[in-house]
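Chains as they are written, first to last, in our numbering: chain A, 57 to 581; chain B, 19 to 559.
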């Protein structure tokens, strides 16, 4: 019930915001803030409850079609919901001053966007998942198109065209599995778990996986289909960028975990080399292109491509370390990149430009802002103490287990991250002041709160990664990728002996953690 | 005298059968009475109050629709044959009759407020509208080639006059003339096909035609091609679509809405009935005659090509339109393509899907043409620029239009999405069962790619409404409460169908002959004997 409540609260909130719009802008903001806070509280409730086992909510919807309103939260879903609702609160806070025009409509869309995202994270019914998936498009299309920056319409349109173009392949793949299952004679069903039991031949799996993968790859976005992202990010208002980077991109990864891999596990394994190659290209490509950017937001957008490359890499190296690293990176990227986008928005709101070349020496005027930027830039490059460090470590360790060269390649990419993160920080905060920024105010209280929330999250994950990795094992999660090349027993044994490669020895702490987690999952059975 | 018993019984039965026949004819008799009454009453009306006769037309529609719903359970039980088997009232034809009547009802309501029709004598208009509806209903019910052609021509003739009803407007007359020329050619070709068919079969009954289909003959394929000319003309499918954009643009908007829904649906209905036995779909009483494999494949290939051309052409040309009625004309061509694509699947699911799709399509199209009419009434233009900044003028109107457009794209949550979903399910079903799977899958891919293309122009309108400020050159659009209410209802219906589509699929299933709606309950958690394929990381072996 709590899961349904998560969504109902937002829907009610959207209606309330629409009504509040007739009164005053401030009423709208406060309504949205209260609604998102309530949702956050509910999400925290879900995250604590999930330790006793998955929470299930199921209502019959259209039984003769096998569609049901089936929501289920396990560790992974709970984490993603938590991330969504945290960023939901932050998004309202950061739009406090920024959105002046048609504020009611903006908040309605913002809340509806979260509805779509939550449906995607919670749905265990393929049709419901697809509904949520497409439901995310509409609000973001309007958020970018109406409240965005100079080139907003083209960006909104490109976003819509790319994601819809990708999702038709996904729809076709889902349809195929649905009809295949229908032909088994057990009645139609959209239950993902039931669909996954459909016996598909290798070539069928190959096609199904390809379809799903195209849909999700566009959303993630992986290297060749990423071109919508920089535009969408750059043109979106701050809250839009925040949600887009923070959670929307993760729905792609989440879809791979929940749908693509379970429905076509063998094909996932067959595709793994290709996907690993694509994500490595994405990591380097994103980093290099990010470094060349002059636009604050564009730089962060390209860095997103690089970070998401790490996530997908971790997912497809096929071992526990990689998987945990991927999930860790999903959370960290949401917080750190979210923080950077917030700062981009804050700076742009004051300076009316995002051009890195005209900034410089801003620290003098806005030390608090500078401190936050320093923190997020360092988090983005993976400094120890922040969650990103642990996440990248896990992914790199996982990649090393697969292959040394690949591991080395992944590890080297961290250097590139340092380059663009430092460029971002130095060119805004340090150096000579290019312009007299007289009216440049430091952070408002609501901005500090928004940024502070993200900071605390990052440090918490950095110092205590179990926060993220442990919930993954609360329920015996059947939907963990089965692409394992290295049998888990080997990892466990090697971790116990502490005799992995030099890199993993260096990070023995992370591996002892890994070891414990495996034990937890065994104990829970 | 023992033998007398069955005789009296059969007499009783025949009397009962005749009574059933009259019972089945009742809704259509109401319609005929309505037509006559409209004409007669209009004589005694002054020109200024001519609009009053619309009440009679509305009442006739309503009465006819109510008696059709009474007829529904009877025909679900057993179809009624009338007039030496020339007319068949089975759920299929009754459903389509009902569909036509509801659409006509809506068109009459919108005609009442139309500015394009204001100040004209409306008696003939409503009489023609009802005549067209009556012939469309007979078209869906005809089992006889002559009756089929007669209904087809009556529908066409009424449509020609309706399209040019605003006879003092140049584009109205022009469109009507184009319509007549194209229609004459198409129905001529069709008539040629029908006469060939009669020569081959020696009977005018569709049942006998179906038997003919089982004998391999190339001339039969030729006949099908010739007949397709007529059907494609009514469906506005390529290559008989050329009339559509001009007529849609030139005709008064309510008439355009009528043509895009009723006339098109009539074309599809008659085609579905005509082709059912050959495609192997048991549409009620009709005997299913297996068409020889090669012939069937040739026919399917023809449909395949027609479908692909129709949707691709419609969508690509729609990209460049600036007039909303023209744009919707091309969009309706594209939608005919999607439905033709489903017919390629030639299974029961395809027939159900087309019926479902038509309902979704009709709601969206009737709504959008009405919206165009409302905007035209205030702003005086059918240009897309009239939609600019509409969200500032009337948020309800703009939001409703957006939902209807969304449904035409086929994006969830909307009835249009479910319609496309069922179309594709039918094709994928056939693909899995067939040895030439890619024949069907490629078609699905083409249709999906077309949806992406169509996104561009539909979203273009949404973009105009939401992203821009209203143009200062044009007056503000102030729709009446009724208009807003009507459009909001259409939008709500679109979303409601997505949330609960069961009644509509039950209906489409009943209308196409699956007597028992399949109600297999999904076996959640019951099939636990097979171990889940996906194990936890720690469980891997």
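For every residue, glycine included, the Cβ atom is placed at its ideal position computed from N, Cα and C. From a predicted model like this one, the values you see are computed outputs, not experimental measurements.
A residue is called buried once 16 or more other Cβ atoms fall within 10 Å of its Cβ, and residue 245 (chain A) is buried on that count.
Using beta-carbon distances, residue 322 (chain B) does not count as an interface residue toward chain A, since no partner is under 8 Å. Residue 353 (chain A) is positioned such that its CB atom lies closer than 8 Å to that of residue 410 (chain A).
Listed along chain B, no residue sits closer than 7 Å to residue 256 (chain A) by beta-carbon distance, the nearest being about 10 Å off. Flagged as an interface residue toward chain A: residue 518 (chain B), by a C-beta distance shorter than 8 Å. Around the CB of residue 211 (chain B), 16 or more other CB atoms lie within 10 Å, so the residue is classed as buried. Residue 321 (chain B): member of the alpha helix (DSSP H) spanning 311-336, first to last residue. Bridge partners of residue 111 (chain A) according to DSSP: A:129. With contacts defined as CB atoms closer than 8 Å, residue 445 (chain B) and residue 426 (chain B) fail to qualify as a contacting pair.
Counting only Cβ-Cβ distances below 8 Å, residue 186 (chain A) has contacts in chain B at 430, in chain order.
The way I'd put it, the segment 354-362 of chain B does touch the segment 251-261 of chain B; three or more beta-carbon pairs between them come closer than 8 Å. Membership of residue 99 (chain B) in any alpha helix (DSSP H) is not indicated; the residue belongs instead to the beta strand (DSSP E) covering 98-100.
Taking 8 Å as the CB threshold, residue 239 (chain A) lines the interface with chain B. Under DSSP, residue 247 (chain A) shares a beta bridge with A:181.
Rounded to whole angstroms, residue 402 (chain B) and residue 260 (chain B) show a C-alpha spacing of 22 Å. The Cβ-Cβ distance between residue 419 (chain B) and residue 389 (chain B) falls below 8 Å. Only exposed fits residue 454 (chain B), as fewer than 16 other CB atoms lie within 10 angstroms of its CB. Below 8 Å, enough C-beta pairs join the segment 76-91 of chain B and the segment 114-132 of chain B to call them touching: three or more. Taking CB atoms only, residue 155 (chain A) has no neighbour in chain B less than 8 Å away. In this structure, residue 139 (chain A) lies away from residue 88 (chain A), with their beta-carbon atoms at least 8 Å apart.
When rounded, the separation of the alpha-carbon atoms in residue 75 (chain A) and residue 158 (chain A) is 13 Å.
Closer than 8 Å to the CB of residue 289 (chain B) there is not a single CB belonging to chain A. Nearest neighbour of residue 369 (chain A) by Cα position, chosen from A:437, A:231, A:457, turns out to be A:457.
Between residue 308 (chain A) and residue 343 (chain A), the C-beta spacing is not below 8 Å.
Between residue 89 (chain B) and residue 288 (chain B), the CB-CB gap reaches or exceeds 8 Å. Following the DSSP letters along the chain, one finds residue 236 (chain B) inside the alpha helix (DSSP H) bounded by residues 236-253. In the structure shown, residue 152 (chain B) adopts helical secondary structure according to DSSP, grouped into three states. With contact defined as three or more Cβ pairs closer than 8 Å, the segment 187-201 of chain B and the segment 325-334 of chain B are not in contact. Distance between residue 447 (chain B) and residue 228 (chain A), taken at the CA atoms: about 12 Å. Judged by their CB atoms, residue 278 (chain A) and residue 335 (chain A) are nearer to each other than the 8 Å cut-off. The CB of residue 228 (chain A) comes closer than 9 Å to the CB of 442, 446, 459, 462, 463, 466 in chain B, given here in chain order.
Residues 163, 227, 241 of the same chain have their beta carbon placed closer than 7 Å to that of residue 215 (chain B), with the five preceding and five following residues left out of the count.
For residue 189 (chain B) and residue 353 (chain B), the gap between their C-alpha atoms comes out near 25 Å.
With respect to chain B, the C-beta atom of residue 176 (chain A) has no partner C-beta closer than 8 Å.
Here residue 239 (chain A) is exposed: its Cβ has fewer than 16 other Cβ atoms, across all protein chains shown, within 10 Å.
Within the same chain, 416, 417 come within 7 Å of residue 488 (chain A) by CB-CB distance, once the 5 residues on both sides are set aside.
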